[in-house]
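Participant: Here the sequence shown is numbered in UniProt numbering, starting from 1 and rising by one per residue.
Backbone N, C-alpha and C define an ideal beta-carbon position, used for all residues, glycine too.
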Amino acid sequence: MINKCNELRCKVPTGILNSNNNILTATQNELVLNRKGCMNPTYVDSFLGILRRTTDNNINQKTNKILNDDSQDIKPRCDQFIREELYPSWAVRNRIIDFCAAEAGLLKEKLITEYAHLNAEIEPAPIVDARIDPYAPMDLDNREKIFFHDVMRLEEWVRNQRQIEQIVKLTTLRTLGKVCGNNIDYIKAFEEFRCSL
């Protein structure tokens, strides 16, 4: 849930807590995220790691448990795992990454405005022929890179997290398809699940 102070509160989904015998401490169960947390994502990375470890990284154990449970058919057990653990984990992870992406966008807009005002206040540097000073264009480029360094780093983190999610989900879907069937478009079903939240 995002509130007016640009803060996101996420909890580990109940289905994950129940299926993992409460191995997580109270501080690991919830993430309160703001722009500062996105800019220094150590805790965010840990939280995302917990969500990945308890679902996607354990997909073989989860599907073996589904296969070895004779109390009911495979389909209801697959549906329960997907509905109570997998999709909620994916949804929380997507919300976290989307929140940080939005914060990067807001920060970039703010910095663009500040940079424009800063450049307007600074006396423009004389245009120097690159033959006289070959480093002059690089100095200007470096000043801009330094000014936008933090937002560029955050944008890179978001890109990396999205790539990680894509790889993790594809790996999970391969295993899930083998056990629960390939006749379902799990990504489309996940998007419908996400829209229902």
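1. Take residue 67 and list the residues in its own chain whose beta-carbon comes closer than 8 angstroms to its own, dropping the five residues that flank it on each side.
2. Run the CB neighbour count on residue 188, radius 10 Å, all protein chains shown included, and call it buried at 16 or more, exposed below.
3. Just tell me which of 42, 185 and 34 has its CA closest to the CA of residue 99.
4. Let me check one thing: in DSSP terms, what residues is residue 10 bridge-paired to?
5. Distance, Cα to Cα, residue 159 vs residue 39?
6. Name the two residues that bound the continuous alpha helix (DSSP H) containing residue 49.
7. At the level of alpha carbons, what is the spacing between residue 80 and residue 13?
8. For the alpha helix (DSSP H) containing residue 176, name the first residue and the last one.
9. Roughly how many whole angstroms lie between the Cα atoms of residue 257 and residue 8?
10. Rounded to the nearest angstrom, how far is the Cβ of residue 10 from that of residue 92, given a contact under 8 angstroms?
11. Taking the alpha helix (DSSP H) that residue 196 falls in, what are its first and last residues?
12. Note down the Cα distance separating residue 1 from residue 101, rounded to an integer number of angstroms.
13. If you measure between the beta carbons of residue 104 and residue 151, is that distance less than 9 angstroms?
14. Closest by CA to residue 166, which one among 111, 112, 97 and 197?
15. If you draw a straight line from the alpha carbon of residue 63 to that of residue 109, how long is it in whole angstroms?
16. Taking only three categories from DSSP, how would you classify residue 72?
17. Quick check on DSSP: helix, strand or coil for residue 18?
Facilitator: Well, looking at it:
1. 74 and 179
2. exposed
3. 34
4. 31
5. 14 angstroms
6. 42-54
7. 13 angstroms
8. 149-180
9. There is no way to answer for residue 257, as the model of the chain reaches only from 1 to 197.
10. 5 angstroms
11. 186-196
12. Low per-residue confidence applies at residue 1: pLDDT is 43, beneath 50, and the placement is therefore not dependable enough to give any value.
13. yes
14. 97
15. 45 angstroms
16. coil
17. helix
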